[in-house]
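Colleague: In order, the protein sequence lines correspond to chains V and U. All residue numbers for the first sequence refer to our numbering, where the first residue is 1 and numbers rise by one. All residue numbers for the second sequence refer to our numbering, where the first residue is 1001 and numbers rise by one.
Protein chains: 2
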Amino acid sequence: MAEGAIATSQSGESLLFLTDEQIRKGVEAMYFAYRGFTADPDRILHQYGYGRAHHRAIHFINRSQGMTVNNLLSVLGVTKQSLNRVLRTLIEDGLVESRIGKRDKRERHLFLTETGGKLERELSGAQRARMRAAYRVAGPEAVAGFRQVLEAMMDPELRRHFNTLKDNEA
Amino acid sequence: MAEGAIATSQSGESLLFLTDEQIRKGVEAMYFAYRGFTADPDRILHQYGYGRAHHRAIHFINRSQGMTVNNLLSVLGVTKQSLNRVLRTLIEDGLVESRIGKRDKRERHLFLTETGGKLERELSGAQRARMRAAYRVAGPEAVAGFRQVLEAMMDPELRRHFNTLKDNEA
DNA sequence: CTTGGAAAGTCAACGAAGCTGACATAAAAT
DNA sequence: ATTTTATGTCAGCTTCGTTGACTTTCCAAG
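#1: Going along the chain, which residues of the region 1135 to 1150 of chain U sit with their C-beta nearer than 9 Å to a C-beta in chain V?
#2: Whose CA, out of H1055/U, E1021/U, Y1034/U, K1025/U, lies closest to the CA of G1117/U?
#3: In chain V, what lies closer than 7 Å to A1033/U by C-beta?
#4: T1164/U to E28/V, Cα distance in whole Å?
#5: Could you tell me whether any Cβ in chain V is nearer than 8 Å to the Cβ of L1165/U?
#6: Can the beta-carbon of L95/V be found closer than 8 Å to that of I58/V?
#7: Quick one: grab the DSSP three-state call for M1030/U.
#8: Please go through the same chain and pick out, in chain order, the residues whose beta-carbon is closer than 6 Å to the beta-carbon of N1084/U, but skip the five residues on each side of it.
#9: Just to confirm, is the Cβ distance from F111/V to Q47/V under 8 Å?
#10: Where A1033/U and R1160/U are concerned, what is the direct C-alpha to C-alpha distance, given to the nearest angstrom?
#11: With a threshold of 16 other CB atoms inside 10 Å of the CB of G1026/U, please say whether the residue is buried or exposed.
#12: Given that M67/V touches chain U, what residues does it touch there, using C-beta distances under 8 Å?
#13: CA-CA distance, D1042/U and E97/V?
#14: Please say whether L1158/U and G36/V have beta carbons closer to each other than 8 Å?
#15: Looking at the unbroken alpha helix (DSSP H) that takes in F17/V, where does it start and where does it end?
#16: Confirm the yes/no value for this check: CB of L90/V, any heavy atom of the ligand ZN, distance under 7 Å.
#17: Quick check on the DSSP output: the alpha helix (DSSP H) that includes S1064/U runs from which residue to which?
#18: For the region 1110 to 1132 of chain U, which residues have a CB atom closer than 9 Å to at least one CB atom of chain V, in sequence order?
#19: Suppose you measure from the CA of M1154/U to the CA of A133/V; what does that come to, to the nearest Å?
#20: Ordered along the chain, which non-local residues of its own chain (more than five positions away) have a Cβ less than 8 Å from that of F954/U?
#21: List the residues that DSSP assigns as beta-bridge partners of D162/V.
#22: Give me the subset of the region 89 to 103 of chain V whose CB atoms are less than 9 Å from a CB atom of chain U, sorted by chain position.
#23: Please list the partners that V27/V has in chain U, where partner means a Cβ-to-Cβ separation under 9 Å.
#24: Note the first and the last residue of the continuous alpha helix (DSSP H) segment covering L1112/U.
#25: I want to verify the contact list: residues of chain U whose CB lies under 7 Å from the CB of L158/V, in sequence order.
#26: Considering only the beta carbon of each residue, do V1069/U and R1103/U sit closer than 8 Å?
#27: If you measure between the beta carbons of D1020/U and R1130/U, is that distance less than 8 Å?
#28: Could you tell me whether any Cβ in chain U is nearer than 8 Å to the Cβ of H46/V?
#29: Can you give the Cα-Cα distance for L1015/U and P140/V, rounded to whole angstroms?
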């Protein structure tokens, strides 16, 4: 259990960052930071009567316009019943458009409408503002480290999704 | 909105890490990493019929044995009714002990029992294992950056709580 | 000593967002 | 023609958050 207790490698190099105490602080930092991370969008969403689930759907639909329901399902890792409830309200409210596939007519391709795009920009604007502020404070090298640790922490399947999104970069 | 678009400072230094695209990837990394972060404890908790809320209570009670309910409430940022439901089951199941305060008998001081401590070690063991693995892969400098960005991302009040916990170090 | 207010607990009701299971439909694939 | 896939929907359940109302206990100030 207390694997990092000795915290010294064979080469004598200090491994203080692998101490149980250090790791525990990392865990707590992750917990508190995530609450900050979601705080701003949550406030905005609440004004519109939406929740975090709507944000996630909006985010990924915006990220990959035209993605199918199944696609979104596997990125989000929820059941179709759960996603459907969210998606239905977004479609009813005119934020998301669901177009029947041309090649495969069973598929529905999801797009943000003008209104949907507006909300997306409002949400991601707030979230990015906080992230940008944190990045600025911490500096480029810290950001690189931040990203490295986060990637290493993901489940392999989620990392796959993450990297697929990365490939979408222009 | 697209504040980082130009991504060049007055000094000509590249600020690529502040690009909207970079920030967005940070947001997504945070989202996917947090899912990994909670995955292992969630599996264990489910076996015992508990949820994430129980984990949080157990974690912070362990971290500061003897803390009051009000204290825990303000760290967790939930309502007492919500916490009470969780706490009641933990007390009923013999994982947590609630002792009436000596100085102020209105206060309840919370402690993990032997059984509670066992579950705490099982949960944090799993969570720390993942965190440790990620730390090892990323290396000490990345870890330092990781922590810097996370701290900068917290709400001031949460950062206060985080730092208070830090002060508890031996 | 009495009274006001803080700390804690309880009951009820509700909402968001997960889940499972069962079933329907259309279209693609075999 | 049959099976599989993609999607949607209904019903019901669970966790965990919320608000509001109320009680009990107890400290502390008047």
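Where is the CB? At the ideal position from N, CA and C, for every residue including glycine.
Modeller: According to the structure data:
#1: Y1135, R1136, V1137, A1138, G1139, P1140, E1141, A1142, V1143, A1144, G1145, F1146, R1147, Q1148, V1149, L1150
#2: Here residue 1117/U refers to the residue found at position 117 of the second sequence. Selected option, being the one with the closest Cα: H1055/U.
#3: Counting from one through the second sequence, the residue named residue 1033/U turns up at place 33. What A1033/U touches in chain V: L150, M153, M154.
#4: Position 164 of the second sequence, counted from the start, is the residue given in the question as residue 1164/U. Position 28 of the first sequence, counted from the start, is the residue given in the question as residue 28/V. When rounded, the distance between both Cα atoms is 12 Å.
#5: On the second sequence, residue 1165/U is found 165 positions in, with the first residue counted as 1. L1165/U counts as touching chain V.
#6: What you label residue 95/V is simply residue 95 of the first sequence in a count that begins at 1. What you label residue 58/V is simply residue 58 of the first sequence in a count that begins at 1. A contact, by the Cβ cut-off of 8 Å.
#7: Numbered from 1 along the second sequence, position 30 holds the residue referred to as residue 1030/U. Here M1030/U sits in helix by DSSP.
#8: Here residue 1084/U refers to the residue found at position 84 when the second sequence is read from its first residue. Correct list: empty, nothing qualifies.
#9: Your numbering for residue 111/V matches position 111 in the first sequence. Your numbering for residue 47/V matches position 47 in the first sequence. For F111/V and Q47/V, no; Cβs fall outside 8 Å.
#10: Position 33 of the second sequence, counted from the start, is the residue given in the question as residue 1033/U. Position 160 of the second sequence, counted from the start, is the residue given in the question as residue 1160/U. The straight-line gap from Cα to Cα measures roughly 24 Å.
#11: Position 26 of the second sequence, counted from the start, is the residue given in the question as residue 1026/U. So G1026/U ends up on the buried side.
#12: For this step, residue 67/V is matched to residue 67 along the first sequence. Those within 8 Å of M67/V in chain U number zero; the least Cβ separation is about 14 Å.
#13: Within the second sequence, residue 1042/U is the residue found at index 42, counting from 1. Within the first sequence, residue 97/V is the residue found at index 97, counting from 1. If I take the Cα positions, the gap works out to 34 Å.
#14: Start at 1 with the first residue of the first sequence, and residue 36/V comes out as number 36. Start at 1 with the first residue of the second sequence, and residue 1158/U comes out as number 158. Their beta carbons are under 8 Å apart, which means G36/V touches L1158/U by this criterion.
#15: Taking the first residue of the first sequence as 1, we reach residue 17/V at position 17. Segment: none, F17/V is in no alpha helix (DSSP H) and carries neither H nor E.
#16: Annotation note on the ligand ZN: not contained in the displayed structure, which lists no ligands.
#17: As a position in the second sequence, residue 1064/U is number 64, starting the count at 1. Per DSSP, S1064/U belongs to no alpha helix (DSSP H) and is neither H nor E.
#18: R1121, S1124, G1125, Q1127, R1128, A1129, R1130, M1131, R1132
#19: Here residue 1154/U refers to the residue found at position 154 when the second sequence is read from its first residue. Here residue 133/V refers to the residue found at position 133 when the first sequence is read from its first residue. Roughly 11 Å between the two C-alpha positions.
#20: The structure shown does not extend to residue 954/U, since chain U is modelled only from 1001 to 1170, so the question has no answer here.
#21: Position 162 of the first sequence, counted from the first residue, corresponds to residue 162/V. Reading off the sequence shown, one finds Phe at residue 162/V, where the question assumed Asp. According to DSSP, which records beta bridges pairwise, F162/V is partnered with nothing at all.
#22: none
#23: The residue you call residue 27/V lines up with position 27 of the first sequence. Simply F1037, H1059, S1124, Q1127, R1128, M1131.
#24: Along the second sequence, one-based indexing puts residue 1112/U at 112. Careful: L1112/U lies outside any alpha helix (DSSP H), inside the beta strand (DSSP E) at 1108 to 1112.
#25: Against the first sequence, residue 158/V aligns to sequence position 158. Simply F1032, R1035, G1036.
#26: In the second sequence, counting from the first residue as 1, residue 1069/U sits at position 69. In the second sequence, counting from the first residue as 1, residue 1103/U sits at position 103. The answer is no: Cβ separation not under 8 Å.
#27: Position 20 of the second sequence, counted from the first residue, corresponds to residue 1020/U. Position 130 of the second sequence, counted from the first residue, corresponds to residue 1130/U. No; because the gap between Cβ atoms is not below 8 Å, this pair is not in contact.
#28: As a first step, residue 46/V must be located in the first sequence, where it is residue number 46. Output row for H46/V: interface = no.
#29: As a first step, residue 1015/U is located in the second sequence; it is residue number 15 there, counting from the start. As a first step, residue 140/V is located in the first sequence; it is residue number 140 there, counting from the start. Their backbone Cα atoms lie some 8 Å apart in a straight line.
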